[in-house]
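Here my numbering is used: the sequence shown runs in plain steps of one and ends on residue 247.
Yeah, the Cβ is synthetic: ideal placement off N, Cα and C, and Gly gets one too.
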Amino acid sequence: MTAGPLIRPCVGPALEARSLYRFYRAGEEETLALQGVSLTVAAGETVAITGPSGSGKSTLLGCLSGLDDPDGGTVLVGGERLSHRSALERARLRGTRLGLLFQSGNLVAHLTVAQNVDLAQRIAGKRRDARARTTRSLLDAVELTGRADAWPPQLSGGEAARAGLAVALANEPQVLLADEPTGEVDSRSEAAVLALLHATAARGTAVVLVTHSAAVAAAADRRIALSDGRVVATDGAAEVAA
């Protein structure tokens with residue numbers, strides 16, 4: 006099983022976070038969602054971010070994706086700064102360098118599977134002829150060629166997960182960020198999604214997975230555990246928590 010076109014080569018770390026801090030305030034109450042979290046992910050590496058609910062996993066993913074901006078620290082994608090830029094600049098970088106896969110799905114309900122994949126490529130600025138080839142390649146890779154014209158509500162949980170992965174890879178990202186990529190699928194579909202994620206990393210993409218699944222965490226090259234907004238344990242190359 007393949008995972009689409011080869012990814013653009015990346016010089017240096019594909020993704021780097023340096024001492025990320027994120028604060029939330031509600032009246033007089035202040036919550037420290039991230040407290041000096043640092044990590045580096047190489048091209049072709051798969052890293053699982055684990056921890057209990059409220060540990061800062063989703064906040065970290067938001068900062069790594071540029072959907073949220075840290076109050077302190079820096080995020081770099083392919084050596085280019087993503088954080089502390091305008092929302093428009095972050096969206097541009099996200100559209101060309103990052104692939105996002107959310108637990109609730111990243112499919113537009115009124116577009117077919119093929120149209121969803123095409124839309125992600127249009128946002129990345131790909132030409133029409135190249136988009137058609139990539140759409141066919143990705144749908145073949147996720148074994149959904151026969152469901153190209155299906156609407157998202159018509160998909161099973163496993164099909165929706167694989168379609169979402171095709172959309173996340175449509176811009177040939179340097180980094181894939183996935184939030185519970187197997188959270189709504191059965192064990193058979195989980196194995197298929199994990200195989201696709203491995204194939205994605207093998208083709209040069211850095212893969213970061215936020216997960217509660219022991220199977221997904223075990224399949225990663227490295228695991229980073231969060232608690233109360235800090236890195237508390239790592240498995241593999243050393244990570245630093247301020």
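Bridge partner(s) assigned by DSSP for Ile54: Residue numbering aside, residue 54 sits at position 49 when the sequence shown is read from its first letter. Val215, Ile229, per the DSSP bridge assignment.
Residues of its chain near Ala114, where Cβ-Cβ distance is below 8 angstroms and the 5 sequence neighbours each way are ignored: As a first step, residue 114 is located in the sequence shown; it is residue number 109 there, counting from the start. Once the five neighbours on either side are set aside, the close Cβ partners of Ala114 are Trp156, Pro157, Pro158.
Limits of the alpha helix (DSSP H) - the one that Ser70 falls within: For the purposes of this step, residue 70 is identified with residue 65 of the sequence shown, where counting begins at 1. Segment 62-70, the alpha helix (DSSP H) holding Ser70.
DSSP three-state assignment for Gln159, whether helix, strand or coil: Along the sequence shown, read from residue 1 onward, the residue named residue 159 stands at position 154. Residue state, collapsed to three classes: helix.
Within 8 angstroms, strictly: CB atoms of Glu35 and Phe28: Stepping through the sequence shown from its first residue, residue 35 is reached at position 30. Stepping through the sequence shown from its first residue, residue 28 is reached at position 23. Taking 8 angstroms as the Cβ cut-off, Glu35 and Phe28 qualify as a contacting pair.
Proximity below 8 angstroms, CB of Leu103 to CB of Leu182: Position 98 of the sequence shown, counted from the start, is the residue given in the question as residue 103. Position 177 of the sequence shown, counted from the start, is the residue given in the question as residue 182. Yes, Cβ-Cβ distance for Leu103 and Leu182 is below 8 angstroms.
Backbone secondary structure at Gln179 - three-state DSSP: Sequence index remark: in the sequence shown, residue 179 carries index 174 (1-based). Three-state result, Gln179: coil.
Buried or exposed by the 16-neighbour rule on C-beta atoms within 10 Å, applied to Glu164: On the sequence shown, position 159 is the one that residue 164 refers to. Buried.
Inside the segment 73-117 only - alpha helix (DSSP H) runs reaching at least 4 residues: 92-102
Element boundaries [beta strand (DSSP E), containing Val42]: Residue 42 sits at position 37 when you count from the first residue of the sequence shown. Residues 34-46.
Through-space distance from Gln179 to Ile128, alpha-carbon basis: The sequence position of residue 128 within the sequence shown is 123, counting from 1. The sequence position of residue 179 within the sequence shown is 174, counting from 1. About 16 angstroms.
Length-filtered (3 minimum) beta strand (DSSP E) runs lying within the segment 112-150: none
Spatial distance of Ser70 from Ser43 (CA atoms): Reading the sequence shown from its first residue, position 65 is the one you call residue 70. Reading the sequence shown from its first residue, position 38 is the one you call residue 43. Cα-Cα distance, rounded: 15 angstroms.
Proximity below 8 angstroms, CB of Asn176 to CB of Thr101: As a position in the sequence shown, residue 176 is number 171, starting the count at 1. As a position in the sequence shown, residue 101 is number 96, starting the count at 1. The answer is yes: Cβ separation under 8 angstroms.
Boundaries (first-last residue) of the alpha helix (DSSP H) holding Glu189: In the sequence shown, the residue the question calls residue 189 occupies position 184. No alpha helix (DSSP H) holds Glu189; DSSP gives it neither H nor E.
DSSP state of Ala22 mapped onto helix, strand, coil: Taking the sequence shown and counting its residues from 1, one reaches residue 22 at position 17. DSSP places Ala22 in strand when its eight states are reduced to three.
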